[in-house]
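Presented below is the structure to which this report refers.
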Amino acid sequence: MSNLVASKPAVATRTTQRSGLQRAVRVLRWTVFYVLLSAGAIVMILPLIWMLSASLKEPSQIFSVPIQWVPDPVRWQNYSEALSTAPFGRYFFNSIFIGTCTTTSVLFFSSLAGFGFAKYTFPGRNVLFILILSTLMVPFQVIMVPLYLLMRDFHWLNSYLALIVPGAMSAFGIFLMRQFILTLPDELFDAARIDGSGEFGTFLRLVLPLSKPPLAALAIFTFLDSWNSLLWPLIVVNDDDLRPLSLGLAEFQTRYGTSYHYLMAASVVAVIPVILLFVLLQKQFIQGIVLTGLKS
Amino acid sequence: MQTTGVIPTTDRRPRSRWTPNRRRNLFGLLFVAPAVIFFGVFNLYPMARAFYVSLTSYDLLTPPRFIGLENYAYLLQDDRFRIALTNTFLFMIGTTVPLWVFSLGIALVMARQFRFKELYRTLYFMPVILSGVVVAIVWSLLYQENGLINTALSPFVKGTLFWLTSDQLAPWSIIIMAVWQGLGFYMVIFLAGLQNIPADLYAAASIDGANAWGRFRYITLPLIRPTALFVTVISLIGGFQTFTYQYVMTQGGPGDATNVIALLIYSAAFSYLKIGLASAMSMVMFAIIMILTLIQFRVLRTDNLSYV
Amino acid sequence: MEAHPPGKVNRRTFLAGTAAAAGGLLAAGVVEQAEAAGRLTSPVRDQVELTFWSHQFTPRETLDKIHIKEFERQNPGVKVNYTTYSEPGYETKLQTAMASGTGPDLFNLYTGVADPLVQGKTVAPVDPQAMGYASLAALKKQYLPGFLDGFTWNNTLYALPTEVSNYALYINKLHFIEAGLNPAKDYPRTWDDIVALSKKLLIVKNGKVLRRGFEFEYATANDWTGTEWDLAGMAYQLGGTVFNHDQTASLVNSPAWVRSLKVYYDFVHTYKLGYPAMPVCSVDFTNGKQGNVSMLLSGYWYAPSVRDTNKTVYKNLMTVQFPRFKDAKHSNGALMYAYAHFVNASSSATKQRLAWKLIETLDSHPAEYLAGAGLLQPRTSLLSSATYRNDPLIKPFLEDARTTPYRPSSTHLSEVQDAIRRAIQRSTQTAVPPQQSLDMAKADIDKILKGV
Chain Z
522 MSNLVASKPA
532 VATRTTQRSG
542 LQRAVRVLRW
552 TVFYVLLSAG
562 AIVMILPLIW
572 MLSASLKEPS
582 QIFSVPIQWV
592 PDPVRWQNYS
602 EALSTAPFGR
612 YFFNSIFIGT
622 CTTTSVLFFS
632 SLAGFGFAKY
642 TFPGRNVLFI
652 LILSTLMVPF
662 QVIMVPLYLL
672 MRDFHWLNSY
682 LALIVPGAMS
692 AFGIFLMRQF
702 ILTLPDELFD
712 AARIDGSGEF
722 GTFLRLVLPL
732 SKPPLAALAI
742 FTFLDSWNSL
752 LWPLIVVNDD
762 DLRPLSLGLA
772 EFQTRYGTSY
782 HYLMAASVVA
792 VIPVILLFVL
802 LQKQFIQGIV
812 LTGLKS
Chain X
55 MQTTGVIPTT
65 DRRPRSRWTP
75 NRRRNLFGLL
85 FVAPAVIFFG
95 VFNLYPMARA
105 FYVSLTSYDL
115 LTPPRFIGLE
125 NYAYLLQDDR
135 FRIALTNTFL
145 FMIGTTVPLW
155 VFSLGIALVM
165 ARQFRFKELY
175 RTLYFMPVIL
185 SGVVVAIVWS
195 LLYQENGLIN
205 TALSPFVKGT
215 LFWLTSDQLA
225 PWSIIIMAVW
235 QGLGFYMVIF
245 LAGLQNIPAD
255 LYAAASIDGA
265 NAWGRFRYIT
275 LPLIRPTALF
285 VTVISLIGGF
295 QTFTYQYVMT
305 QGGPGDATNV
315 IALLIYSAAF
325 SYLKIGLASA
335 MSMVMFAIIM
345 ILTLIQFRVL
355 RTDNLSYV
Chain W
45 MEAHPPGKVN
55 RRTFLAGTAA
65 AAGGLLAAGV
75 VEQAEAAGRL
85 TSPVRDQVEL
95 TFWSHQFTPR
105 ETLDKIHIKE
115 FERQNPGVKV
125 NYTTYSEPGY
135 ETKLQTAMAS
145 GTGPDLFNLY
155 TGVADPLVQG
165 KTVAPVDPQA
175 MGYASLAALK
185 KQYLPGFLDG
195 FTWNNTLYAL
205 PTEVSNYALY
215 INKLHFIEAG
225 LNPAKDYPRT
235 WDDIVALSKK
245 LLIVKNGKVL
255 RRGFEFEYAT
265 ANDWTGTEWD
275 LAGMAYQLGG
285 TVFNHDQTAS
295 LVNSPAWVRS
305 LKVYYDFVHT
315 YKLGYPAMPV
325 CSVDFTNGKQ
335 GNVSMLLSGY
345 WYAPSVRDTN
355 KTVYKNLMTV
365 QFPRFKDAKH
375 SNGALMYAYA
385 HFVNASSSAT
395 KQRLAWKLIE
405 TLDSHPAEYL
415 AGAGLLQPRT
425 SLLSSATYRN
435 DPLIKPFLED
445 ARTTPYRPSS
455 THLSEVQDAI
465 RRAIQRSTQT
475 AVPPQQSLDM
485 AKADIDKILK
495 GV
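Residue numbers (the working numbering), protein chains in the order written: chain Z, 522 to 817; chain X, 55 to 362; chain W, 45 to 496.
Take a look at the structure:
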C-alpha cells in the first residue's frame, strides 16, 4: 500500500526544480489532510472527554451553555460519593473473575478441539466440525430462553456457574485454532511422536506454545466479549454481589439516572482500566483483529 | 505409545483393530469430545427446546400447554412484531452501510505512511473497547436538550432537536452512536485486508497510467472482497441482535420507534412471561438470519481470487 | 522432549490436564459454594435466613431496616437479607424469580401485577396465627373495613397492604406568590385552570425555560409508572374505563379517553407549556433552590422526599385534589393502587411462619410509615394517630380516595399498562393525534386480552 505514496517522490524530485508553488500546494494538501483526520479523531474522542469533564462537575453545571470544558469547581467527591452508593469494587471483581474463568476455559478447550479437528482423522470429524461451526449462525436470542430454563433446571440461577459455564467454549475459538493449527507442519508432530511424547503431551508442549498469536487474539476477544455482555447477566442474576460491571452500571443508571455527575463518575471508573489495558496492549489487540479478519 | 516402525512379530497378542494409527486418532475424538458435548448441551439442545416451546403457551408458573402453530399465527398479524422487525432491519442496514463506507475510507487513509499514524489509529479505535452500556449512557446525556450535540449544532439548526424522544430521530440517534463505536473495529479489519494486496499491483497500474480512483476501483475494491464479505456478514448479524443500546437508552420508545427484535423477545419472555411466544419470535429471527447469510454468500461469493 | 513410558501415563496426563482445565469451571462452583456457605456462617446453630425483596424507595427502606433490626433482636437465630430493586425492572425480576423457583421468602409488590403469581399458586395465604392473632377475623379487625378486599383472590386473603395510594396535586406556594397569585384562592380545580395557571407561572429567559407551571409524566424510558393511571383517572371522570365489563375488550379509545389524552397533547403541542423530552425526575420541586416546576401530580409519599431534600420548598408545599373536568360525570382522582407484602409458598414452613411474623412487625407501625415515608397503611390504629389527623398535606388524598376506584385487576396488567404508556409516548413525544394513538392502544390491548 505504500505504493500510493511511492509515486510522490518521483513527482517531488521534478518539482524541486520548479517553483515554490508546487511545494506550497503539497503543504496545503498535507495540512488539509491532517485537519480532516484530526477532526475525525476529535469526533471519536470527544464523548470520552465530555464524560471525564462532566464527572468532575456540579450537577447544575453539566448542561450549562456555553460548555465549560474545565470544571470549576472541580468536584472530586463525585467519585467517592458515586462509588459508595453501589459496590463497584465488587462489580469489577465479578467482571474480572467471570472474564478470566471464561477466557481460560475457552482458550484451553478451543485449542484442544482445534487440535483434534486439525491433526487427527476420525469418523464423523467433518460433520462434527460443521455442526459446531453452524452454532455461530444461531443468534443468542434463540437459545436465550431455553438456556435460562436449563439454568433453572440445574439450579444454577443466580450463581457464578450460570454466568460462566454457558460461555465456557466458543465455536469461533475452535474455528480460529483449527485454522491456525492446520498451518503447523505435520513433520513437527511426527517428530514429537518419535521422541515419545504422548498425544496430550504434544498438545501441551508443542501446540500451545506455538499457538501464542491466535491464543492471544482469542483471549482478548473472549475477555472483551465477557466484559461487555449485558443481556445474559440481566436474565440470570438477581443478587447485587453477583452483578458484573455492565449490569451494575445499567442498574446504577436506572436508580440514579438523573444524578448525572455520579453516573459519569461511575462510567469513568468503568472505562479507565479498559483504556489503560488497551493502551498497553495495543499491538496485540489490533494484531488479534487482523488475524481473525485474515483467517475468516 | 510406540508408533515407529514395525511391531515385533514376537508380540503374541492377536492383531487388534486398534492399530497405532487408530489409537492415535481416537485421541482426536477425545480432544473434541468436551466441545461436542458442550455444544450439544448448551446450544443444540436449547435450540430444539426453543422449537418445542414455540409450539406451546408457557408462562413459567404453570406447565406448558401445547397449542401448535398459534404463536406463529399470532406473530403473522402482530403489528408490534412487524414494527420490531422493521426497526431491526433499519438498524442493521443503517449501521452497516455507513460503517462499510467510513471504515474503508479511514482504512485507506491509515494504510498510507504519515507522521503520528499510530496515534491516530489508536484514537479512532478507542470507542471499540468501551462497554456498550457506557457508550449508551454517555450518549444519552450528549443527546439531551441542552447536551453537547444540540449545543454544537445550535448555530446551524433552528429549534431544538429531540434526539431520543422523537420517533423520527430516535432510531437514527442510536444508529449514529453505533457507527461511532464500530468504526475503529472495521477500520482495522479493512486495514488487514488492504495489507494483503501486493504493492506491485499498484505500481504496475500507476505505470499503466491509472489514477488514484482507477487504482481503487480496479485493484482495491475487487481484492478486498473477502474482507468486505466478512465485514458485511458480521455487521449485519451483529446488528440484527442489537439489544444493549436500545435497552439502556430508550427501552424501545418512544412508542415502538426503537423497539428491536431482541428487546421484544426479552420483554415478551421476562416482562410478560410469554415464553412460548418469545420462542416463536426467536425461531423467526433464526430463519431470517439463515436466509440473510445464504443470500450474502451468494451475492458476494468470491472464488478464485488469487493475486500472487 | 523427554521420553515417556508408553500407554498409561499419557492417559493419566490427559485426564489430569483436562481436570486442571475444568478447574477453571470448578473454580466458579467452589466460589459459589463458599459464597453460599459464607452467607449462612454464624456462631448460632439453626440459623435461618429470610430473603426479603422490595422496590426501591429510600424513606420506606430506612424504616424497614429499623424494624428488621428489631425483629432480628426479638428472634435470635434469624437473619433477614433485605434487598431493594429499582422500578421499572423490579416487577420483572420478581416475576421471573418466582416463576423459576428462585424467588425471595417474602416481598413487597404492587398488587396490580400480582395476579399471575396468585393464580400460579406461588404465594401463600395469610397466616394469622404466625402473626400472633387468634384468628383471621381478629387480624381483619386491625384493618379499616373494606380495604382488605383488594388483597383477596378467590375469597382468600393472600397479602397485607403496605400502602394504599393515589395521586393528588402538589403546589409550590412560593411560586404562586411570586407570580402574584394567592395559593389559597387561586389553586386549580379543573384541567383548564392548570393550563391557565401554567401560562402565568412559566418563566423563560434568553430562550431557555427556567420554570414551568406544571408537568405531566410523559413515560420516558426509566420513568416510574403512574401516568397511565392519571390518564385513566381523567377518563373515568368522563365515564371511560380501561376494559369492558367482562374484560374481553378494551375501551381505551372511547371519547372520554381521547379527550383526556388530548389534555396531555394540547399541553405539549398546542400550548407549548410542557416538555416531554425531560425525564420526570429532573423537573422537580427539589431541583435547584426552589425547584423548577410549580405544580406536580404525585403520591402522598412524595412529601417526605421533598422534606428530606429541600426544606424550603417543603415548608411552602400545599396539596389539593386531583384536577377535575368541568363537566365530569364522576368526581374522582387518579386511580388508586396498593402495594402489599406477600409470602413465597415454596419456602419452608418455618420460613413462611417467620415471614408472616416479620410482616406483622413491619406493618404494625402505620403512623411511623405515614409520617416518615408518606405511605398510608389502612390500619384502624392509624385513624387515631396525630399525623393522620394533623397533617394538612394528606387531606386531599383522603378526600379523593373516598370516591376513586382502584386500578383494574388483570393477569396481563403489566402488558396493558405498557400499551397505555406507549399511547401516551406517541401523543406527547411524537405528536400522534390522541384518537389515533388510542386506537392503536385499543388494538394492542384487545390482542393482549385474547392472549396466546
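Backbone N, C-alpha and C define an ideal beta-carbon position, used for all residues, glycine too.
For ALA445 of chain W, the uninterrupted alpha helix (DSSP H) run begins and ends at 439 to 447, by DSSP. At least one CB atom of chain Z sits nearer than 9 Å to the CB of PHE297 of chain X. Judged by DSSP in its simplified three-state form, GLY257 of chain W adopts strand. For LYS804 of chain Z, there are no CB contacts under 7 Å within the same chain when 5 residues up- and downstream are skipped.
A contact between stretches requires three or more CB pairs, one per stretch, nearer than 8 Å, and the stretch 699 to 711 of chain Z fails this requirement with the stretch 128 to 138 of chain X. GLY133 of chain W counts as buried, since at least 16 other C-beta atoms from the protein chains shown sit within 10 angstroms of its C-beta. PRO132 of chain W has a beta carbon lying within less than 9 Å of a beta carbon in chain Z. In this structure, the beta-carbon distance from ILE653 of chain Z to PHE93 of chain X falls below 9 Å. Comparing C-alpha distances from GLN186 of chain W to each of W:SER408, W:ALA430 and W:ALA417 shows the shortest one belongs to W:SER408. Excluding five sequence positions before and after ILE756 of chain Z, the CB atoms of its chain that fall closer than 8 Å to its own CB belong to MET665 and TYR669, given in chain order.
Its Cα nearest to that of GLU222 of chain W, the residue W:ARG255 stands out among W:PHE191, W:ASN250, W:ARG255 and W:VAL239. Burial check for THR292 of chain W: the Cβ neighbour count within 10 Å stays below 16, so the residue is exposed. The criterion of a C-beta distance shorter than 9 Å is not satisfied by LEU213 of chain W and PRO436 of chain W. Across the set Z:GLN774, Z:VAL758, Z:LEU682 and Z:PRO794, the C-alpha of Z:GLN774 shows the shortest separation from the C-alpha of THR606 of chain Z. By the Cβ test, the stretch 173 to 180 of chain W is not in contact with the stretch 120 to 132 of chain W, since fewer than three Cβ pairs between them sit closer than 8 Å. In the same chain as PRO348 of chain W, and ignoring 5 residues on each side of it, the C-beta atoms closer than 7 Å to its own belong to PRO103, GLY416, ALA417 and GLY418, in chain order.
By the Cβ test, the stretch 372 to 380 of chain W is not in contact with the stretch 237 to 254 of chain W, since fewer than three Cβ pairs between them sit closer than 8 Å. Comparing alpha-carbon positions, the option among Z:PHE554, Z:ALA634, Z:ARG544 and Z:PHE661 lying closest to PHE340 of chain X turns out to be Z:PHE661.
For PHE135 of chain X, there are no C-beta contacts with chain W under 7 Å, since the nearest C-beta of that chain is about 11 Å from it. Our two residues, LEU427 of chain W and LEU305 of chain W, have alpha carbons roughly 37 Å apart in a direct line. When only Cα atoms are considered, ILE291 of chain X and LEU752 of chain Z end up about 16 Å apart. For the pair LEU604 of chain Z and ALA787 of chain Z, the Cα-to-Cα distance works out to about 7 Å.
For HIS99 of chain W, the enclosing beta strand (DSSP E) covers residues 92 to 99. Residue burial is scored here from C-beta neighbours: ALA683 of chain Z has at least 16 other C-beta atoms within 10 angstroms and is therefore classed as buried. Out of Z:ASN599, Z:SER655 and Z:PHE744, the CA that lies nearest to the CA of LEU628 of chain Z is found in Z:PHE744. Straight-line spacing of the CA atoms in ASP193 of chain W and VAL287 of chain X works out to 58 Å. Going by C-alpha positions, SER325 of chain X is about 23 Å away from THR206 of chain W. About 33 Å separates the CB atoms of VAL182 of chain X and LEU649 of chain Z; that is not less than 8 Å, and the two are not in contact. Taking a contact as a CB-CB distance under 8 Å, the pair THR296 of chain X and VAL314 of chain X counts as one, their CB atoms being some 6 Å apart. Under the Cβ distance rule, ARG776 of chain Z does not count among the residues neighbouring chain X, no pair being separated by less than 9 Å. In this structure, the straight-line span from the alpha carbon of LEU770 of chain Z to that of TYR272 of chain X is close to 48 Å. Measuring C-alpha to C-alpha distances from ARG103 of chain X to each of X:TRP154, X:ALA161, X:VAL353 and X:ILE329 identifies X:ILE329 as the nearest. In its chain, beyond the 5 residues on either side, TYR214, ILE215, ASN216, LYS217, PHE329, ALA347, VAL350 and LEU437 have a beta carbon closer than 8 Å to the beta carbon of LEU361 of chain W. Sorting Z:ALA575, Z:MET690 and Z:SER559 by C-alpha distance to the C-alpha of TRP590 of chain Z places Z:ALA575 at the top.
Residues of the stretch 581 to 607 of chain Z whose Cβ lies closer than 9 Å to any Cβ of chain X, in chain order: ILE583, PHE584, SER585, VAL586, PRO587 and ILE588. Contact of ASN679 of chain Z with chain X is not assigned, every C-beta pair being separated by 9 Å or more.
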